[in-house]
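A.B. asks: Could you have a look at this structure, given as structure tokens, before my questions?
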Amino acid sequence: MMNQYEVPAYLEDSVPGLRQRLRQLPAVFQLYDTMTCFTRFTHDQLLTHNYAVAARCLKAAGRLYSRGNQFVKQAIIGIFIHDLAQLPLQDNRERIDRCNLIPENIYPFYIQEQLNQQHHGNK
């Protein structure tokens, strides 16, 4: 199992474009900071329709969820997926493109988060 201290190195290897941003974080590896940086980077790729890099990010998130300990899994769901579900979608085509990039092991969490947000938005 991958622990929270291994996440930054894994992300640097999996998503080379993220390396510079991660290196700007404090030397003490905080999972929250790392995951927030990773999430923002992924958002930037999706919002600019850089789907090749976004796909690498989402694949890395799926692997982190599969291989991570409970803290890593909670960070993927609570930070990455939560924020991913809040990103605006321009149209159904963009929804399909985004959904096709999300690995199947984290896809149910993405759908659940979208449903939760719709439910809270309709109150």
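The opening position of the sequence shown corresponds to residue 1 in full-length UniProt numbering, with each subsequent residue numbered one higher. Note that beta-carbon positions come from the ideal geometry of N, C-alpha and C, so glycine has one too. Source: prediction; values computed, not measured.
(1) What's the gap between the Cα of Gln70 and the Cα of His43?
(2) Can you tell me where the alpha helix (DSSP H) holding Phe80 begins and where it ends?
(3) Return the chain-ordered list of same chain residues with a C-beta closer than 6 Å to the C-beta of Asp97, the five sequence neighbours on each side being excluded.
(4) Which ranges would you report for the alpha helix (DSSP H) in the UniProt domain "DUF7674" (9-115) if only whole runs of at least 4 residues count?
(5) Beta carbon of Ile79, beta carbon of Thr48: below 9 Å?
C.D. replies: Result, derived from the coordinates:
(1) 24 Å
(2) That residue, Phe80, is in no alpha helix (DSSP H); it is neither H nor E in DSSP.
(3) none
(4) Runs of the alpha helix (DSSP H) lying entirely within the UniProt domain "DUF7674" (9-115) and spanning at least 4 residues, in chain order: 19-23, 31-47, 51-67, 70-75, 82-86, 92-101.
(5) No. Outside cutoff.
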